[in-house]
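Just below is one structure, and these are the notes that go with it.
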Amino acid sequence: MARERKGIVARWLEGKERSEEYARSTLPTNRFSLFWDIFKGRFGRLVLVNLLVLITFLPAVGLFVWRYMAIVVDWASGPYASGFLAGLGVPGAGLLGVAESTRLFQDLFFFGMLIPAGAIAALGISGGMYIIRNLIWTEGVFVANDFARGIKRNYFNVLEAMLVLTILLFLAQMSSDLADFQVAIGSPYAGWMIASKVIGYILVAFSVLICLWMISLGVNYKQGVWALFRNAVVMTVGTFPQTIFFAAIAFLPALLLLFGVTFLNILVIVFYILIGFSFFMLVWMDYSQWAFDRFINPNLGVTPGRGLYNKEKGTVNRGDKPAEDSAAMREYRRMIVAQGKSKLVSRPIKPIDDELEVYQLPESFSREDLQKLKESKEAIAEDVKQYEQEHKDDEQYVEYNRQFEERERALREEESGGKGKKKKQPKQPKPPKMLNKR
44 MARERKGIVA RWLEGKERSE EYARSTLPTN RFSLFWDIFK GRFGRLVLVN LLVLITFLPA
104 VGLFVWRYMA IVVDWASGPY ASGFLAGLGV PGAGLLGVAE STRLFQDLFF FGMLIPAGAI
164 AALGISGGMY IIRNLIWTEG VFVANDFARG IKRNYFNVLE AMLVLTILLF LAQMSSDLAD
224 FQVAIGSPYA GWMIASKVIG YILVAFSVLI CLWMISLGVN YKQGVWALFR NAVVMTVGTF
284 PQTIFFAAIA FLPALLLLFG VTFLNILVIV FYILIGFSFF MLVWMDYSQW AFDRFINPNL
344 GVTPGRGLYN KEKGTVNRGD KPAEDSAAMR EYRRMIVAQG KSKLVSRPIK PIDDELEVYQ
404 LPESFSREDL QKLKESKEAI AEDVKQYEQE HKDDEQYVEY NRQFEERERA LREEESGGKG
464 KKKKQPKQPK PPKMLNKR
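Residue numbering for the sequence shown follows the working numbering, starting at 44 and increasing by one per position.
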């Protein structure tokens, strides 16, 4: 086909943004460009997802605020001087270790309550990660519906990761508080307790990386409890430098709180209220998709690069599963079926022309004029029916009716499968027991 060449003024007025080549050149071809494309183009949806996730994190945030206030009040009002009452001759009147033991019992409560708070936060993570994954896969997203669907599909996998993290954090904090208490009272086992404290912090840091991989693996693949944990450990060890780097980027806003600058802290808090959780999930899930394309998908026979623009084919890779089979598209088709078949699209309608006209009654009309009016209306109705019969087999109407009937039949089968017998699903390839490098 000959290509139209436009003049200089036309090209200047339209700009390169209107050209097809420029539009294709802006499509994401790698994970970095895909991240910025989603961050800029889907910012509103990221904010909505962030607010939904933030609601589920409120119990955990409330616990940390409560613990901080309890520590401040305790240190401001507690008599923790080591020589208190020692001059009165009271045996053992020194208060060595009282502050540390108080902190131990406080943390026993707060970090114990963090475990159920983590289970609540798993609701938001499972729903939010599912939406972020669909955005990366360039699927249609309905935020409220997909958030609930993500909870239904991924909650137990995310819950497993959160239980591993919160229980290890509880044990590490108890070990740290016990070490501080042993040092304060001069126990001969203080050295061993300090070593356990250091080991606990290392395990917590390593468990954070493992839990991140457990979440992303659980959202993308169906796996058992032990297989999920084992594969997460393999991915953490196998991609340790990259995992450390991208985890640091994802946690970067939170790490800024360590500087203790009031203005900076306020900016970080506002950032997390607006988009902080979505930013974290987008960074981590985008990196995870790169790792899956390199280490897992080729072993499963899945085409890598889902959601990226393929320059050779000139299309966006939708994966081996067509976009019409996504959860959002299934919900959209269900809405179309519920609204019913469109009468304007399902059958031919004759365009308005001047061939036939309704007889116009004069100011003074007779029975003969009424008969002419009736005959003109009948002629128009007959002409419309004749046009419909002549064009009812046109491709556009046949295709629309066929698609609608298929959607209606699929919806009936889906509903009957949920009420009665379980609908047989095609067997999916099982994920490898160990995720080896390609």
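All residues carry an ideal CB built from backbone N, CA and C; glycine is no exception. Remember, it's a predicted structure, so these values are computed and weren't measured experimentally.
- Three or more beta-carbon pairs separated by less than 8 Å are not found between the segment 176-184 and the segment 229-236, which leaves the two stretches without contact.
- When beta bridges are read from the DSSP output, Y232 appears opposite no residue.
- The alpha carbon of F322 has as its nearest neighbour, out of I292, W235, F306, G303, the alpha carbon of I292.
- CA-to-CA, the gap between A238 and V247 works out to about 14 Å.
- The count of Cβ pairs closer than 8 Å, one atom from the segment 145-152 and one from the segment 297-305, stays below three, leaving the stretches out of contact.
- Per DSSP, the unbroken alpha helix (DSSP H) holding V90 starts and ends at 86-120.
- Close CB contacts of S218 within its chain, under the 7 Å cut and outside five residues either way in sequence, are with S239, K240, G243 (chain order).
- Pairing V201 with D223, the inter-Cα distance amounts to about 33 Å.
- Between L221 and I81, the beta carbon gap of about 45 Å keeps them out of contact (Cβ cut-off 8 Å).
- Spatial neighbours of L307 in its own chain (CB-CB distance under 7 Å, excluding positions within 5 residues in sequence) are listed in chain order as L299.
- Y430 sits in a helix when the DSSP states are folded into three classes.
- Residue environment analysis places I318 among the buried positions, since at least 16 neighbouring C-beta atoms fall within 10 angstroms of its C-beta.
- In the structure shown, Y402 adopts coil according to DSSP, grouped into three states.
- Ranked by Cα distance from I339, the first of L413, M328, L260, L351 is L260.
- Per DSSP, R146 is one residue of the alpha helix (DSSP H) stretching across 141-179.
- Within the segment 282-357, the complete alpha helix (DSSP H) segments at least 4 residues long are 283-293, 295-298, 305-314, 320-338, 340-343, listed from N- to C-terminus.
- Three or more Cβ pairs drawn from the segment 154-170 and the segment 92-100 lie within less than 8 Å of each other, which places the two stretches in contact.
- The continuous alpha helix (DSSP H) containing Y198 extends over residues 186-227.
- By the 16-neighbour rule on beta-carbons within 10 angstroms, T305 is exposed.
- Rounded to whole angstroms, the separation of the alpha carbons of V268 and V280 is 19 Å.
- Rounded to whole angstroms, the gap between the alpha carbons of V313 and V115 is 24 Å.
- F408 and L416 have their alpha carbons spaced roughly 11 Å apart.
- E182 carries a coil assignment under DSSP once its states are collapsed to helix, strand and coil.
- For A227 and G140, the gap between their C-alpha atoms comes out near 5 Å.
- Straight through space, the alpha carbons of F154 and F107 are spaced by roughly 9 Å.
- L295 is not a Cβ neighbour of R74, given a cutoff of 9 Å.
- Separation of M205 and M156 (C-alpha to C-alpha, rounded to the nearest whole angstrom) is 13 Å.
- When the beta-carbon positions are compared, I423 and V401 come within less than 9 Å of each other.
- Within the same chain, Cβ atoms closer than 7 Å to the Cβ of L255 are found at A290, W327, the five residues on either side in sequence being excluded.
- Taking C-alpha positions only, F288 is separated from W333 by approximately 14 Å.
- Taking the Cβ atoms as the reference, K393 lies roughly 7 Å from D426, within the contact range of under 8 Å.
- Rounded to the nearest angstrom, the gap between the Cα atoms of R349 and Y264 is 15 Å.
- The beta-carbon separation of A113 and Q149, rounded to 6 Å, stays under the 8 Å limit for a contact.
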